[in-house]
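Enquirer: Per the UniProt record's numbering, the very first residue in the sequence shown carries number 1; after that it's consecutive.
Structure incoming, see below.
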Amino acid sequence: QVTLRAGAELDAHRVNQYTLILRAACPGEDEVEERLFVRVTARHVLRCDTPFASAEGDVVQVLADVAPRTPLYAVLPQPLGGLTAFPSPSFLQFRLRNRNTPLTLTRRGVVLAPDNGFDPSKDTQTFRLEIEVMDRHGHNCSGAVRVEVLPSRRPRVTFPELHRAVTVTEGIGPCEVVTQVHARGDNVRYAILAPVAPALFTIDEVTGEIRSTRQLQVIRAHLLIRAYNALHPDDHATATVNVTVQGTDRQAPRCDPAIFVSQVSETISPGSTLVTLRCTDSTSTDGCLHYALEGPPFSRSHFCMDGPQLKVNTTLDYDSEAMAALGFQLTATIVVTVGGQPRQSTRVPVLVTVTPVNEFRPACPSGATFTVPETAAFGSVVGRVAGTDRDYPPDSLEYSLEGGPGPAQPFSIDRRTGEIRAVGALDSQQQKSYRLVVRLTDTHNDLEPRKRQSRLCDVSVRLQAVADQLPVCIPEVQELRITAGFPGSRQPVTRLVCHGGPDSAPLTYSIVGGNEDGRFRLEGNTLVHLPGDRAEPHPFVLLVEVWGGSGGRRRSSLVALVVHVTPRSTPAPPSSSTQHTTLQKEPLVVTQTEAVWHPPAWFVAVLTISGALLLATLGCMARSLLCSSWDVVEHSRGKEEQGHSQASSPVSVWQRGWVPCQGGRRALWPSAASPVSTQEQFDGHAQDPRTGRDYLFNSMTGARRWI
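Right under this line is the structure:
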C-alpha cells in the first residue's frame, strides 16, 4: 500500500508526475523491480496554513487574565492548484478531534477562551487542540493549535487599609457620604458582603463611597467590604469598616462673616490680614475652635490661617498665566471645628478677586533699524516696532510717533500694530537716514485707566539709494513727412520707442509744445494726426515729454518730432508710406573741473549774508534796467531773423542746438530755417535763466514774446 507522506503538498503546476521504483522479493526468489507512475492532476483542493498543518502545530501565547470567551485563534484555509478564491467560512466545517480541553471552537473556526476564563493562580498552562477542516465537496485538511497560557502581569486587587473605624454624628440624612474605601488593582469594583441585606448603608460599586440609606441614629455597624476585578471576579480582597453613630447635644459654631468676598490689589504684601472671623459655639468656649483651609491647591496656597485670621501667604501675581486661567479669582473654604465629641464644624466660603496694578514700563525692542528703498510708494510698510510689556494682558501697547508725520519726518505709525509706513517722498541724496522717536504707552494694565506708563524708543530708518534712470527714447529727434488724410479721419504718424529702468512704472507720454492747432494727439506711445482743411504744406515741430520712474522720484525726457504735413491737393511722392529721417547725433563732450575749498564756519556765514545782501541790491537794479531794454532788442532781432529766413534758400537745413525748456530742463532741440508763413506762431515756452521771466518762442524763426 502506497500512501502520501504526512505534511506533503502536491502542486500539479510545479510537478505533475512522480515515478516510484518498487522492489519486492519473496524468500528463495529473485528480487523484482517495477515502476509506479503517480500523476498529479490540478483540481480544487483544500489546504490549511503551513504552521497550522505542521506536525507541531501553530502556537498561541495569551495571558491568564484575558476575558472569558476572548477570541484566541482563527483557522483560515489556503487555496491550492487552480483555486483563485478562499472558501467562505460559511461553507466549511470545523471539528475538534480532542474533547479534553476547556477551550471552545466555534462553527467559523475561531478558538475562544474558556467560559470562566483561565485560572490566574496557576503557572504556565498549555492546551493542544487538533482541528479538522472540511468543505462541502468533501475536501479536508487538518492541523493543531497549541495555546500557552502565561501568568498574568496585572496587579492583584488589594486593600491598603484592611480595617477602618469611622465615627459620625446622628442626624446624618439619607444618601450622605459616611466614608470611602479604596483598593488597588485593575477594573476594581466594590460590594458589601455583610450584612447580607444592609439596611443602613450602601456602597458605590465604582467609587467605593459608603452612604447612608436613611437618617442615622445612635448605632454601631460592622461592614465587610469586598473589592474585586470586574473582568476576573476570582481576583478579590476584603476589608472591614466599623461605623459608629454617636448622639450629639452640641451645635456647629456660628461665624461672622458667614461668607467672605473681597477685592485686593496684586501688590498686597504677604502676611497681610484679609479677614478675622468671629466664631462662637453653643458652650461659648472659643478656645476649643480649630481653623483650617480647604479648596483647590493653587488657590489655597495663596492663603494661610493664623488662628481666626485669614492672611496672604504668597504674592498675588496678577500677571501670571495661572492666575489668568482662574479668572483672577481665588476660592477657598475656612473650616471651623469645635473640639470634643462629636466634632461639629462650620464652613465659611472665601472669594478673593485680584485686581491689576501697572507695575512695569514698556520695553523697547532691540536693534530697531529698518531699511527702505527711496522709491517706496505711499503707504509702503517700512517695518514693525515690537514693544513688550510684562503687565497683563501682555504687550497691550499703543504706538505714537513723536512730532508726527511731516516733510522732515515722512513716516507714520499704526496705533495698534506698531507698523511704520512711508507717507512722503524719500530722497537718499537729501537725507540718507531718519531717526524716529516712537512712544510706547501701555493700556488696560491697571484698575485705574488713567494710570499708564510709557517709554520712548529710538528707531532708525535707512534709505536705500536707487539709481536714477531717465527714460531713453531712440531716436531723440525724428523728421517725418506725411500726406494729410480726409478731414475728420484718424492718421497714425509714428510710434515712439522708449524704455525706462528695469523696476520703473509704465511710461507716460504727453505733447508739451508745437501742437498749436490741436492736430496731433498721443494714444499711448503712438502719435496720431487729425487732418484739417489746411491747404498749404506746413511743418510741425512737436515736443513730447516722456515720464518714467516710480514713487515720488519720477524722471522725464523730451523727444522732438518734426512732422511735414502735405495737403492732399499738393503732389506727393509716389510712396504712401511715412518717411522717417533720423538725425545723426554728434557726440557732446562736457568737461567740468571742481575746486574744493573748506573755509571755516564763521567765514561761510559772513560771506553768505554779505553775498545775499549784495545780490539782492544788484538784482533789483538790473531787473529795472533789463526789463525796459530787452523787449526792444528782441523785437528788432526777430525782424532781422525773419527777413533772413525769407531770403534764404527753400531747402530745409536742420541743425542741432540746445534751447532752454520748461522747468529749467535742457533738451535736444532742432533749429530750422525753412519757408513759413509771415504770420508768427509761437510753439515753445521757456524761462530766461538770467531774469527768471517766462517767454514764448517760435522754433522756426527764433522770435520770442515775453509773458
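Ideal placement from N, C-alpha and C gives every residue a C-beta, glycine not left out.
DSSP state of Glu523, grouped into three classes?
Expert: Strand at Glu523.
Enquirer: Any chance the segment 132-148 sits against the segment 183-198, with 3 or more Cβ pairs inside 8 Å?
Expert: With the cut-off at 8 Å, the segment 132-148 and the segment 183-198 do not touch.
Enquirer: Identify whether Ile210 lies in helix, strand or coil by the three-state DSSP scheme.
Expert: In the structure shown, Ile210 sits in a strand (DSSP, three-state: E or B).
Enquirer: Just reading off the alpha helix (DSSP H) that Glu321 is part of, what are its end residues?
Expert: Note, Glu321: alpha helix (DSSP H), 321-325.
Enquirer: How is residue 709 classed by DSSP in three states: helix, strand or coil?
Expert: This structure gives no information on residue 709, because the portion of the chain shown stretches from 1 to 707.
Enquirer: Pick helix, strand or coil for Pro531, following the three-state DSSP scheme.
Expert: Correct three-state label for Pro531: coil.
Enquirer: Would you mind sorting Asp281 into buried or exposed? The rule is 16 or more other CB atoms within 10 Å of its CB.
Expert: By the 10 Å Cβ count, Asp281 comes out buried.
Enquirer: Classify Ala85 as helix, strand or coil using the three-state DSSP reduction.
Expert: With a pLDDT of 34 at Ala85, under the threshold of 50, the predicted position of this residue should be treated as unreliable, though the coordinate-derived value follows. Note: Ala85 maps to coil in three-state DSSP.
Enquirer: Could you give the DSSP three-state label for Pro675: helix, strand or coil?
Expert: Because the pLDDT at Pro675 is just 36, under 50, the model does not fix this residue reliably, and the value given afterwards should be weighed accordingly. In the structure shown, Pro675 sits in coil (DSSP, three-state: anything other than H, G, I, E or B).
Enquirer: What does the alpha-carbon distance come out to for the pair Arg343 and Val168?
Expert: Looking at the two C-alpha atoms, the distance is approximately 9 Å.
Enquirer: What's the call for Glu266, buried or exposed, on a 16-neighbour Cβ count within 10 Å?
Expert: Looking at its Cβ environment, which holds 16 or more other Cβ atoms inside 10 Å, Glu266 is buried.
Enquirer: Is Val157 helix, strand or coil when you go by DSSP?
Expert: Reduced to three states, the DSSP call for Val157 is coil.
Enquirer: Excluding five sequence neighbours on each side, which residues of the same chain lie with their C-beta closer than 8 Å to the C-beta of Leu289?
Expert: Cβ neighbours of Leu289 beyond the five flanking positions: Pro253, Cys279, Asp281, Pro308, Val336, Thr337, Val338, Gly339.
Enquirer: Taking just the CA atoms, how far does Gly702 sit from Ala647?
Expert: A caution first: Ala647 carries a pLDDT of 35, below 50, which makes its placement in the model unreliable, though a value can still be read off. Cα-Cα distance, rounded: 16 Å.
Enquirer: Could you name each continuous beta strand (DSSP E) segment of 3 residues or more that falls completely within the UniProt domain "Cadherin" (256-364), going from the start of the chain to the end?
Expert: Taking only runs of at least 3 residues, the beta strand (DSSP E) segments lying wholly in the UniProt domain "Cadherin" (256-364) are 260-265, 273-276, 278-280, 289-294, 303-306, 309-312, 329-338, 344-355.
Enquirer: According to the neighbour-count rule (16 or more other Cβ atoms, all chains shown, within 10 Å of its Cβ), is Leu436 buried or exposed?
Expert: Buried, since its Cβ has 16 or more Cβ neighbours within 10 Å.
Enquirer: Under 9 Å between the Cβ atoms of Pro356 and Thr333?
Expert: Going by C-beta atoms, Pro356 is not nearer than 9 Å to Thr333.
Enquirer: Does DSSP put Gly611 in a helix, in a strand, or in coil?
Expert: If DSSP states are grouped into helix, strand and coil, Gly611 belongs with the helices.
Enquirer: Is Val32 closer than 9 Å to residue 710 when the C-beta atoms are compared?
Expert: This structure cannot speak to residue 710, because the chain is shown only from 1 to 707.
Enquirer: Considering only the alpha carbon of each residue, which of Gly418, Glu419, Pro407, Arg416 lies closest to Gln430?
Expert: Of the candidates Gly418, Glu419, Pro407, Arg416, the one whose C-alpha sits nearest the C-alpha of Gln430 is Pro407.
Enquirer: Between Ala191 and chain D, is any beta-carbon pair separated by less than 9 Å?
Expert: Protein chain content of the structure displayed is limited to a single chain, and chain D is not contained in it.
Enquirer: Which residue or residues does DSSP assign as beta-bridge partners of Gln217?
Expert: Note: Gln217 sits in no beta bridge, so no partner.
Enquirer: Measure how close the beta-carbons of Ala322 and Phe378 come, nearest whole angstrom, since I'm counting them as under 8 Å.
Expert: So it is not a contact: roughly 47 Å between Cβ atoms.
Enquirer: Measure the alpha-carbon distance for Phe303 versus Asp319 and round it to whole angstroms.
Expert: Looking at the two C-alpha atoms, the distance is approximately 18 Å.
Enquirer: Report all residues from its chain with a CB closer than 6 Å to the CB of Asp306; omit the five preceding and five following residues, and keep chain order.
Expert: No residues qualify anywhere along the chain.
Enquirer: Between the alpha carbons of Thr678 and Arg521, how many angstroms are there, rounded?
Expert: Confidence at Thr678 is low in this model, with a pLDDT of 36, below 50, so its placement is unreliable and no value can be given for it.
Enquirer: In angstroms, rounded to a whole number, what distance separates the CA positions of Asp65 and Leu150?
Expert: Looking at the two C-alpha atoms, the distance is approximately 9 Å.
Enquirer: Closest to Leu527 by C-alpha separation, out of Arg300, Asn515, Glu294, would be which residue?
Expert: Minimum Cα distance to Leu527 is reached at Asn515.
Enquirer: When the Cα atoms are used, what is the spatial distance from Asn358 to Asp256?
Expert: Approximately 34 Å, taken between the alpha carbons.
Enquirer: Which runs of the beta strand (DSSP E) spanning at least 3 residues fall entirely within the UniProt domain "Cadherin" (364-473), listed in chain order?
Expert: Taking only runs of at least 3 residues, the beta strand (DSSP E) segments lying wholly in the UniProt domain "Cadherin" (364-473) are 369-373, 381-384, 397-401, 411-413, 419-422, 433-442, 454-464.
Enquirer: Which residue comes first and which comes last in the beta strand (DSSP E) that contains Ser510?
Expert: Counting along the chain, the beta strand (DSSP E) containing Ser510 begins and ends at 508-513.
Enquirer: Using a Cβ distance threshold of 8 Å, determine whether the segment 95-102 contacts the segment 128-144, with at least three qualifying pairs required.
Expert: Counting Cβ pairs under 8 Å, three or more are found: they touch.
Enquirer: Confirm, please, whether the CB-CB distance from Asn229 to Gly185 is below 9 Å.
Expert: Cβ atoms of Gly185 and Asn229: closer than 9 Å.
Enquirer: With 16 as the cutoff for other CB atoms within 10 Å, does Arg519 come out buried or exposed?
Expert: With 16 or more Cβ atoms within 10 Å of its Cβ, Arg519 is classed as buried.
Enquirer: Using CA atoms only, rank isn't needed, just tell me which of Val565, Asp389, Gly500, Arg481 is closest to Ile474.
Expert: When only C-alpha atoms are compared, the closest one is Gly500.
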